[in-house]
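Protein chains: 2
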Amino acid sequence: MKQSPKQPAKKRRAQLIKAAERVFARKGYAGATTEEIARTAGLTKGALYFHFRNKEDVFFAVVKEVNDSIARKITRALDEEANPEKAIEKAIQSAFKLIEDHKFLTVEFWQKAHTIRRVKDFLAEEHKNMQNQIVRFLQKSGDLKKRECDSFFTLLHAIFDGLMVRQTCYGGEDDLRGLSKQVVEITKLYLKKNKLKLG
Amino acid sequence: MKQSPKQPAKKRRAQLIKAAERVFARKGYAGATTEEIARTAGLTKGALYFHFRNKEDVFFAVVKEVNDSIARKITRALDEEANPEKAIEKAIQSAFKLIEDHKFLTVEFWQKAHTIRRVKDFLAEEHKNMQNQIVRFLQKSGDLKKRECDSFFTLLHAIFDGLMVRQTCYGGEDDLRGLSKQVVEITKLYLKKNKLKLG
DNA sequence: TTTTAAATACCGACCGGTAGGTATTAAGAT
DNA sequence: ATCTTAATACCTACCGGTCGGTATTTAAAA
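Listed below in structure tokens is the structure:
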């Protein structure tokens, strides 16, 4: 029977990951069959298993791809502004966009972290790396204690995770844009309160 | 062979729900078998299916039970204090306890809200009810705009959901108690900033 | 340049295992 | 005797994963 045109393994793997993102986001881990993922990529299961060890392996590749993409976007937002306060504001705005892009998948990641050890370890590692990055950024930009920066990051990050949940489960009436402004305001308030002066 | 002593349907149902809570919390929806839920309750599948229509029905009963329990605890915390600021503080402290008690299950609820319509509808309804309750409480206690109360609730609620995620996925270094104090402080700050005077 | 061989990527039929769910039967209580 | 609750045996459907085979591409040899 007629085959899909051959592609280099790396390229095909990336394509399968893209297809998997869509199917996992739509149907969740259990609801997504390996057959549907392969079909979405224009292939069959045999091909999928040629490139990946098993279903969990595919999922883990998606976890890495999405989280790496998020980290790149936040980093770019921080780097694009010289003024620290504006850089934080820009990073917050980027984070809000990511809520809409990845809300279903990230809830799936959290749920699966409970049963797949390497997913949990990876998410913990990425979270820690982002915390270190943000804390370093804040300390570089002003005179402030590490402990307060840590708390700041923890609560800010919790707000974003919580808004992910809200967008997937509660169907928020408020516009995310309005909330974005609120979060920027609270951030400035909090930084002032704890004498975290920037610039 | 020897049967478990018979119980009134209502009592047995409650017992099965308790068992289901534990198994769903530990293994997630897919990983939890109806056989294991029955066994955990000291019964067999036949009995489980006598009391429940199907697996999804068991899960939905757990969703209702846990969310109702949470709502009761928050309400009690608000009612126990006459002073509004202290009432809010107490409610926040109760909410922090609930994070530890229900973190795995709530992530499971959010994940399943994506594929089970009635779970999503129920969570949205409960969220709305709690929002109305908190907003009414704030308005009763001080002169304040509904829109600002709404935002306040949304962000505060997001923090708790986000901390749920953190406790399940990121393995936070910070003590929740320290964060509890921070959240109380931010709450007061925010209420002051928006001129939400209480008392 | 052409032919042949080898390597790579992909297809699809099939299988084993699992779990949800049901029909029937049994046991216990009233 | 009747009703309620519980147990058992079994069925069915589905899915993850395998493997024999095929098609396509690349490399080597003539």
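Top to bottom, those sequences are chains A and B. First residue of the first sequence? That's 1 in this note's numbering, and the numbers climb one at a time after it. First residue of the second sequence? That's 1001 in this note's numbering, and the numbers climb one at a time after it. A virtual CB, placed ideally from N, CA and C, is assigned to each residue, including glycine. Keep in mind it's a predicted model, so treat the numbers as computed, not measured.
Open item on the list: Suppose only complete runs of 4+ residues qualify. What are the alpha helix (DSSP H) ranges in the stretch 84 to 172 of chain A, listed by chain order?
Closed with: 84 to 113, 117 to 141, 146 to 165
Open item on the list: For a quick check, are the C-beta atoms of A:V66 and A:L105 less than 8 Å apart?
Closed with: yes
Open item on the list: A:A19 and A:A41 - do their beta-carbons sit closer together than 8 Å?
Closed with: Yes, the Cβ-Cβ distance between A:A41 and A:A19 is below 8 Å.
Task: Contacts around B:A961, its chain only, beta-carbon distance under 6 Å, and the 5 residues preceding and following it disregarded - done: This structure cannot speak to residue 961 of chain B, because chain B is shown only from 1001 to 1199.
TODO: Give every residue of the same chain whose Cβ lies closer than 6 Å to the Cβ of B:Q1131, excluding the five residues on either side of it in the sequence, and list them in chain order.
DONE: F1153
Task: Any C-beta of chain A under 8 Å from that of B:G1199 - done: Below a pLDDT of 50, predicted positions are generally treated as unreliable, and B:G1199, at 45, falls in that range; the measurement from the model is reported next regardless. Contact of B:G1199 with chain A is not assigned, every C-beta pair being separated by 8 Å or more.
Open item on the list: Below 9 Å on C-beta distance, what does A:F160 contact in chain B?
Closed with: A1158, G1162
Task: Inter-residue spacing [alpha-carbon to alpha-carbon] between B:A1077 and B:K1090 - done: Near 6 Å, if we compare the C-alpha coordinates of B:K1090 and B:A1077.
- [ ] Taking C-beta pairs closer than 8 Å, name the residues in chain A that B:G1031 reaches, listed in chain order.
- [x] Result: T115.
- [ ] Compile a chain-ordered list of the residues in the stretch 1173 to 1186 of chain B whose CB is closer than 9 Å to at least one CB of chain A.
- [x] Result list: E1173, D1174, G1178, L1179, Q1182, V1183, E1185, I1186.
Open item on the list: Spatial neighbours of B:H1051 within its chain, please: C-beta separation below 7 Å, excluding the five flanking residues on both sides.
Closed with: A1009, R1012, R1013, L1016
TODO: Answer yes or no: do B:A1071 and B:E1021 have a C-beta to C-beta separation smaller than 8 Å?
DONE: no
Open item on the list: Is the separation between the beta-carbon of B:K1103 and that of B:Q1003 shorter than 8 Å?
Closed with: no
- [ ] Using a Cβ-Cβ cut-off of 8 Å, state whether A:K146 counts as contacting chain B.
- [x] no
Open item on the list: My assumption, with CB atoms under 8 Å, is that A:M164 sits in contact with A:I74. Please give the rounded CB distance.
Closed with: Rounded, the Cβ-Cβ distance is 15 Å, inconsistent with contact.
Task: Sequence-distant residues of its chain with Cβ nearer than 8 Å to A:D150 (five each side left out) - done: Q131, V135
Task: Residues that B:V1165 contacts on chain A, provided the C-beta gap is smaller than 7 Å - done: W110, D161
Open item on the list: One question on the structure: do A:V58 and A:I92 come within less than 8 Å of each other, judged by their Cβ atoms?
Closed with: no
Open item on the list: Which residue wins for smallest C-alpha separation from A:F109, given the options A:K64, A:L138, A:D143?
Closed with: A:K64
- [ ] Consider the Cβ of A:L155: report whether some Cβ of chain B lies at a distance smaller than 8 Å.
- [x] yes
Open item on the list: Output needed for B:R1118: all residues of its chain with C-beta closer than 8 Å, excluding positions within five of it in sequence on either side, in chain order.
Closed with: Cβ within range, chain order: F1060.
Task: Straight-line Cα distance separating A:Q182 from B:A1158 - done: 13 Å
- [ ] Could you please give the first and the last residue of the uninterrupted alpha helix (DSSP H) stretch that includes A:D175?
- [x] Taken as a continuous stretch (DSSP letters only), A:D175 belongs to no alpha helix (DSSP H), as it is neither H nor E.
TODO: Apply the 10 Å Cβ neighbour rule to A:G178 and answer buried if 16 or more other Cβ atoms are within range, or exposed otherwise.
DONE: Exposed, because fewer than 16 other Cβ atoms sit within 10 Å of the Cβ of A:G178.
Task: Amino acids of chain B, ordered along the chain, whose beta-carbon sits closer than 7 Å to that of A:C149 - done: The contacting residues do not exist; A:C149 stays about 12 Å from chain B at best.
Open item on the list: On the CB-based measure, 16 or more other CB atoms within 10 Å of its CB, does A:G31 come out buried or exposed?
Closed with: That one is exposed.
Task: Distance between B:E1056 and B:R1039 (C-alpha atoms, nearest Å) - done: 18 Å
Open item on the list: Any beta carbon from chain A within less than 8 Å of B:F1060's own beta carbon?
Closed with: no
Task: Element boundaries [alpha helix (DSSP H), containing B:L1016] - done: 1009 to 1031
Open item on the list: When you compare the CB positions of A:G162 and B:G1162, do they come within less than 8 Å of one another, or not?
Closed with: yes
Task: Contact with chain B by A:F52, beta-carbon distance below 8 Å - done: no
- [ ] Look up A:S69 in the DSSP assignment and say whether it is helix, strand or coil.
- [x] helix
- [ ] Confirm, please, whether the CB-CB distance from B:K1045 to B:T1034 is below 8 Å.
- [x] The beta carbons of B:T1034 and B:K1045 sit closer together than 8 Å.
Open item on the list: Distance check for B:N1083 and A:K112, CA to CA, integer angstroms please.
Closed with: The alpha-carbon atoms of A:K112 and B:N1083 are separated by roughly 42 Å.
- [ ] Kindly indicate which residue of A:I88, A:D79, A:V107 has the alpha-carbon position closest to the one of A:Y261.
- [x] This structure leaves residue 261 of chain A out entirely; chain A is present only between 1 and 199.
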